[in-house]
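Asker: With the numbering used here, the residue at position 134 of the sequence shown is 134, and numbering never jumps.
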Amino acid sequence: LTNDALEVIAEGPDLAIAVPEAALAAMDAWNQTHHTASGLLARVRKEGVPLAEAEDEVLRFVARFVPRGKGILCGNSVHVDRRFLAAQMPRLEAWLHYRIIDVSTVKELARRWYGLRPPPKRAAHRARDDILESIEELRFYRRAIFRG
Numbered sequence: 001l002t003n004d005a006l007e008v009i010a011e012g013p014d015l016a017i018a019v020p021e022a023a024l025a026a027m028d029a030w031n032q033t034h035h036t037a038s039g040l041l042a043r044v045r046k047e048g049v050p051l052a053e054a055e056d057e058v059l060r061f062v063a064r065f066v067p068r069g070k071g072i073l074c075g076n077s078v079h080v081d082r083r084f085l086a087a088q089m090p091r092l093e094a095w096l097h098y099r100i101i102d103v104s105t106v107k108e109l110a111r112r113w114y115g116l117r118p119p120p121k122r123a124a125h126r127a128r129d130d131i132l133e134s135i136e137e138l139r140f141y142r143r144a145i146f147r148g
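1. Can you tell me which residues form a DSSP beta bridge with I17?
2. Would you mind reading off the limits of the alpha helix (DSSP H) that contains D130?
3. Assuming I101 contacts I72 (C-beta within less than 8 Å), just tell me the rounded distance between them.
4. Once you ignore the five residues that flank L85 on each side, which residues in its own chain have a CB closer than 7 Å to its CB?
5. State the DSSP-derived secondary structure class of L73, mapped to helix, strand or coil.
6. Does the Cβ of W30 have 16 or more other Cβ atoms within 10 Å, making it buried, or fewer, making it exposed?
7. Grab the span of the beta strand (DSSP E) containing D102 for me, first residue to last.
8. First and last residue of the alpha helix (DSSP H) that includes E93?
9. Measuring straight from C-alpha to C-alpha, what distance separates A127 and M27?
10. Given a cut-off of 8 Å on the beta-carbon distance, is the pair P120 and E137 in contact?
11. Quick test of the definition: if touching needs 3 or more C-beta pairs under 8 Å, does the region 73-82 touch the region 42-50?
12. Once the 5 residues before and after F61 are set aside, which same chain residues still bring their CB inside 7 Å of it?
13. Using only the alpha-carbon positions, how far apart do I9 and A63 sit?
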């Protein structure tokens with residue numbers, strides 16, 4: 001969770017959501033390989049929490065810091081996350097403001113209009129790492145373009 005200056009003011013719960021073994025087995029080869037290498041599949045199997053419990057915990061965290069209707073979801077291709085929340089965590093999704101800040105859009109505009117190359121990705125593809133990387137990337141664009 002950041003303030004308007006993109007300073008991290010709190011880090012939320014770091015949860016693995018329980019997924020039925022059949023769904024894990026049905027994943028395509030890329031996801032099987034990638035999520036095995038990252039340790040995510042082992043973590044889901046060992047300490048995965050039910051989806052409803054994860055929603056409760058994250059909503060409690062967000063509500064401690066952000067009034068209903070004020071929190072803006074931000075990240076790379078964050079519309080995908082918003083769709084997941086709408087389908088799987090509707091109470092959390094309803095708590096947030098309807099607007100999103102998509103860092104991928106800023107990245108595309110910076111490339112097309114200013115010839116800027118984004119900072120290199122670390123490609124961890126774990127939620128916490130991706131969140132922190134998106135914050136860093138948005139800071140980069142703020143310094144490079146939005147100097148004010």
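Ideal placement from N, C-alpha and C gives every residue a C-beta, glycine not left out.
Since this is a predicted model, take the numbers as computed values, not measurements.
Answerer: Taking the structure as given:
1. Position 17 of the sequence shown, counted from the start, is the residue given in the question as residue 17. Under DSSP, I17 takes part in a beta bridge, and its partners are V49.
2. Locating residue 130 in the sequence shown gives position 130, counting from the first residue. According to the DSSP assignment, D130 belongs to the alpha helix (DSSP H) that extends over 127-144.
3. Numbered from 1 along the sequence shown, position 101 holds the residue referred to as residue 101. Numbered from 1 along the sequence shown, position 72 holds the residue referred to as residue 72. Confirmed, about 6 Å.
4. What you label residue 85 is simply residue 85 of the sequence shown in a count that begins at 1. So the qualifying residues of the chain are L92, E93.
5. For the purposes of this step, residue 73 is taken as residue 73 along the sequence shown, with counting starting at 1. In this structure, L73 counts as strand in the three-state DSSP scheme.
6. Residue mapping note: residue 30 aligns to position 30 of the sequence shown, counting from 1. Per the 10 Å Cβ criterion, exposed.
7. Numbered from 1 along the sequence shown, position 102 holds the residue referred to as residue 102. Unbroken beta strand (DSSP E) run through D102: 100-102.
8. Start at 1 with the first residue of the sequence shown, and residue 93 comes out as number 93. Where E93 is concerned, the enclosing alpha helix (DSSP H) stretches over 90-95.
9. Sequence index remark: in the sequence shown, residue 127 carries index 127 (1-based). Sequence index remark: in the sequence shown, residue 27 carries index 27 (1-based). Approximately 18 Å, taken between the alpha carbons.
10. In the sequence shown, counting from the first residue as 1, residue 120 sits at position 120. In the sequence shown, counting from the first residue as 1, residue 137 sits at position 137. No, the pair does not count as a contact, with Cβ atoms beyond the cut-off.
11. As far as the Cβ criterion goes, the region 73-82 does not touch the region 42-50, which means the pair count is below three.
12. Position 61 of the sequence shown holds residue 61. Excluding its 5 nearest sequence neighbours in each direction, F61 has C-beta neighbours in its own chain below 7 Å: G12, P13, listed in chain order.
13. As a first step, residue 9 is located in the sequence shown; it is residue number 9 there, counting from the start. As a first step, residue 63 is located in the sequence shown; it is residue number 63 there, counting from the start. For I9 and A63, the distance between alpha carbons rounds to 14 Å.
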